[in-house]
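Quick note on numbering: the sequence shown equals residues -8 to 124 in this note's numbering.
Each residue gets a CB set at the ideal place from its N, CA and C atoms; glycine is no exception.
Notes follow once the structure below has been shown.
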Amino acid sequence: MRRESVDNPTAYTRAVPSGRCAVSHRTLIVARMNPSDEQSVAEVFTESDGGELPHLVGVSRRELFAFHGLYFHLIEAEESIQAPLADVRDHPLFVDVNTKLAKYITAYDPATWRGPRDAMAKSFYTWRADSVR
(Lines of atoms letter the chains of each structure in order from A and count residues from 1; the text may use other names and numbers.)
(Lines give C-alpha, C1' and ligand atoms only; values in the text may rest on other atoms or scores of the structure.)
Protein backbone atom coordinates (compact mmCIF):
# COMPACT_ATOMS: atom_id res chain seq x y z
CA MET A 1 0.00 0.00 0.00
CA ARG A 2 1.26 3.48 -0.78
CA ARG A 3 0.60 6.45 1.43
CA GLU A 4 1.29 10.07 0.65
CA SER A 5 3.29 11.82 3.31
CA VAL A 6 1.87 15.11 4.54
CA ASP A 7 5.35 16.30 5.51
CA ASN A 8 7.08 15.19 2.33
CA PRO A 9 5.05 14.77 -0.87
CA THR A 10 7.95 12.91 -2.47
CA ALA A 11 7.90 10.22 0.23
CA TYR A 12 5.64 7.20 0.15
CA THR A 13 5.36 3.90 1.97
CA ARG A 14 5.82 0.78 -0.08
CA ALA A 15 5.93 -2.93 0.61
CA VAL A 16 9.37 -4.48 0.25
CA PRO A 17 10.21 -8.19 -0.24
CA SER A 18 10.97 -8.79 3.45
CA GLY A 19 7.43 -7.72 4.30
CA ARG A 20 8.50 -4.56 6.10
CA CYS A 21 7.62 -1.10 4.83
CA ALA A 22 10.21 1.42 3.69
CA VAL A 23 9.86 5.10 3.01
CA SER A 24 11.15 6.01 -0.43
CA HIS A 25 12.27 9.52 -1.28
CA ARG A 26 12.66 10.95 -4.74
CA THR A 27 14.80 13.91 -5.64
CA LEU A 28 14.74 15.53 -9.08
CA ILE A 29 17.75 17.62 -10.08
CA VAL A 30 17.35 20.03 -13.00
CA ALA A 31 20.27 21.51 -14.93
CA ARG A 32 21.46 22.22 -18.46
CA MET A 33 23.26 19.78 -20.74
CA ASN A 34 24.13 19.70 -24.41
CA PRO A 35 22.22 16.73 -25.92
CA SER A 36 25.45 15.52 -27.55
CA ASP A 37 26.88 14.89 -24.06
CA GLU A 38 24.27 12.32 -22.96
CA GLN A 39 26.55 9.31 -23.47
CA SER A 40 29.47 10.97 -21.67
CA VAL A 41 27.28 11.82 -18.67
CA ALA A 42 25.91 8.26 -18.60
CA GLU A 43 29.48 6.93 -18.59
CA VAL A 44 30.41 9.15 -15.62
CA PHE A 45 27.47 7.74 -13.66
CA THR A 46 28.13 4.16 -14.79
CA GLU A 47 31.60 4.43 -13.28
CA SER A 48 30.41 6.19 -10.11
CA ASP A 49 27.41 3.90 -9.54
CA GLY A 50 29.73 0.89 -9.64
CA GLY A 51 31.58 2.23 -6.61
CA GLU A 52 30.88 3.26 -3.04
CA LEU A 53 29.38 6.74 -3.58
CA PRO A 54 25.71 5.72 -4.07
CA HIS A 55 25.89 3.77 -0.80
CA LEU A 56 27.47 6.71 1.04
CA VAL A 57 24.61 8.98 -0.02
CA GLY A 58 21.90 6.31 0.26
CA VAL A 59 20.92 6.24 -3.42
CA SER A 60 19.02 3.09 -4.39
CA ARG A 61 18.04 4.08 -7.95
CA ARG A 62 19.02 6.74 -10.47
CA GLU A 63 17.55 7.69 -13.84
CA LEU A 64 18.76 10.43 -16.18
CA PHE A 65 16.59 12.30 -18.69
CA ALA A 66 17.29 14.91 -21.35
CA PHE A 67 14.83 17.32 -22.95
CA HIS A 68 15.72 20.22 -25.27
CA GLY A 69 19.01 21.06 -23.59
CA LEU A 70 17.77 20.32 -20.08
CA TYR A 71 19.09 17.56 -17.85
CA PHE A 72 16.87 15.80 -15.31
CA HIS A 73 18.41 13.52 -12.71
CA LEU A 74 15.89 11.44 -10.75
CA ILE A 75 17.29 9.93 -7.56
CA GLU A 76 15.47 7.43 -5.36
CA ALA A 77 16.59 6.60 -1.84
CA GLU A 78 15.16 5.02 1.29
CA GLU A 79 15.61 8.34 3.13
CA SER A 80 16.17 11.95 2.13
CA ILE A 81 19.59 12.43 0.54
CA GLN A 82 20.02 16.05 1.58
CA ALA A 83 21.97 15.41 4.81
CA PRO A 84 24.15 12.58 3.41
CA LEU A 85 24.84 14.68 0.31
CA ALA A 86 26.09 17.53 2.50
CA ASP A 87 28.26 15.05 4.42
CA VAL A 88 30.05 13.79 1.27
CA ARG A 89 30.59 17.10 -0.53
CA ASP A 90 34.32 16.95 0.25
CA HIS A 91 34.68 13.17 -0.20
CA PRO A 92 37.13 12.30 -3.03
CA LEU A 93 34.50 10.18 -4.84
CA PHE A 94 31.95 13.02 -4.81
CA VAL A 95 34.56 15.56 -5.88
CA ASP A 96 35.66 13.23 -8.69
CA VAL A 97 32.16 12.69 -10.13
CA ASN A 98 31.35 16.41 -9.89
CA THR A 99 34.62 17.37 -11.57
CA LYS A 100 33.86 15.00 -14.44
CA LEU A 101 30.24 16.18 -14.74
CA ALA A 102 31.28 19.85 -14.75
CA LYS A 103 32.47 19.35 -18.34
CA TYR A 104 28.90 18.51 -19.40
CA ILE A 105 26.39 19.84 -16.86
CA THR A 106 25.77 23.49 -16.00
CA ALA A 107 23.41 25.09 -13.52
CA TYR A 108 19.92 25.85 -14.77
CA ASP A 109 20.30 29.38 -13.38
CA PRO A 110 23.97 30.14 -12.70
CA ALA A 111 23.08 33.46 -11.06
CA THR A 112 21.23 31.76 -8.20
CA TRP A 113 23.09 28.43 -7.90
CA ARG A 114 25.03 28.02 -4.66
CA GLY A 115 24.95 24.24 -4.27
CA PRO A 116 23.13 21.01 -5.17
CA ARG A 117 20.02 22.00 -3.22
CA ASP A 118 19.48 24.91 -5.64
CA ALA A 119 19.06 22.40 -8.49
CA MET A 120 16.45 20.25 -6.73
CA ALA A 121 12.96 20.56 -8.15
CA LYS A 122 10.03 21.00 -5.76
CA SER A 123 7.18 18.53 -6.05
CA PHE A 124 3.82 20.30 -6.00
CA TYR A 125 1.40 17.49 -6.91
CA THR A 126 1.46 13.71 -6.62
CA TRP A 127 -1.20 11.15 -7.53
CA ARG A 128 -1.11 7.35 -7.60
CA ALA A 129 -3.84 4.97 -8.67
CA ASP A 130 -3.34 2.91 -5.53
CA SER A 131 -3.26 5.86 -3.09
CA VAL A 132 -5.20 5.52 0.17
CA ARG A 133 -8.45 7.44 -0.12
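Backbone CA spacing between His64 and Ile20 [nearest angstrom]: 5 Å
Glu43 (DSSP reduced to helix, strand or coil): coil
Close beta carbons around Arg108, own chain, < 6 Å, minus the five adjacent residues each side: none
Buried versus exposed, by CB contacts within 10 Å (16 or more), Arg17: buried
Ser27 to Tyr62 span [Cα, whole Å]: 12 Å
Asp100 to Gly60 span [Cα, whole Å]: Whole-angstrom Cα-Cα distance: 13 Å.
Three-state secondary structure (DSSP) of Ala22: strand
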